[in-house]
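Just below is one structure, and these are the notes that go with it.
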Amino acid sequence: MAHIFEPFSTTKAVGAGTGLGLPMVYGTMRRHGGYVVARSTPGVSTTMELYWPVAGT
Numbered sequence: 287m288a289h290i291f292e293p294f295s296t297t298k299a300v301g302a303g304t305g306l307g308l309p310m311v312y313g314t315m316r317r318h319g320g321y322v323v324a325r326s327t328p329g330v331s332t333t334m335e336l337y338w339p340v341a342g343t
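Counting from 287, one number per residue, gives the positions in the sequence shown under my numbering.
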């Protein structure tokens, strides 16, 4: 999980993904003043929480 928000970081096979999905989400959230929290239990589940700022703050 240490590198999940780094561009081109992927665990998929070559040609199966670009490794840009989570970095794009992270960048979008940061640009809008929000943030992403990632929690994972290996082999069980992963949860991504997106936090957006309240409008006008």
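Where is the CB? At the ideal position from N, CA and C, for every residue including glycine.
Span of the alpha helix (DSSP H) around residue i
| i | result |
| --- | --- |
| Trp311 | It should be noted that the sequence gives Val, not Trp, for residue 311. Counting along the chain, the alpha helix (DSSP H) containing Val311 begins and ends at 307-317. |
For residue i, the nearest candidate out of the options (CA to CA)
| i | options | result |
| --- | --- | --- |
| Leu336 | Tyr312, Pro328, Val330 | Tyr312 |
| Ala341 | Arg325, Glu292, His318, Ser331 | His318 |
| Met315 | Val300, Lys298, Gly301, Met334 | Met334 |
| Met310 | Val322, Gly301, Val300, Pro339 | Val322 |
| Ile290 | Gly329, Gly301, Ala324, Ala299 | Ala324 |
Same chain, Cβ closer than 6 Å to residue i, five either side skipped, listed in chain order
| i | result |
| --- | --- |
| Gly303 | Thr296 |
| Thr332 | Ser326 |
Chain-order list of residues whose beta-carbon lies under 7 Å from that of residue i (same chain, five-residue window excluded)
| i | result |
| --- | --- |
| Gly305 | Pro293, Phe294, Ser295, Thr296 |
| Gly320 | Leu336, Tyr337, Trp338, Pro339 |
Boundaries of the beta strand (DSSP E) in which residue i is found, first to last residue
| i | result |
| --- | --- |
| Ser295 | Neither: Ser295 is in no beta strand (DSSP E) and is coded neither H nor E. |
| Ala324 | 321-327 |
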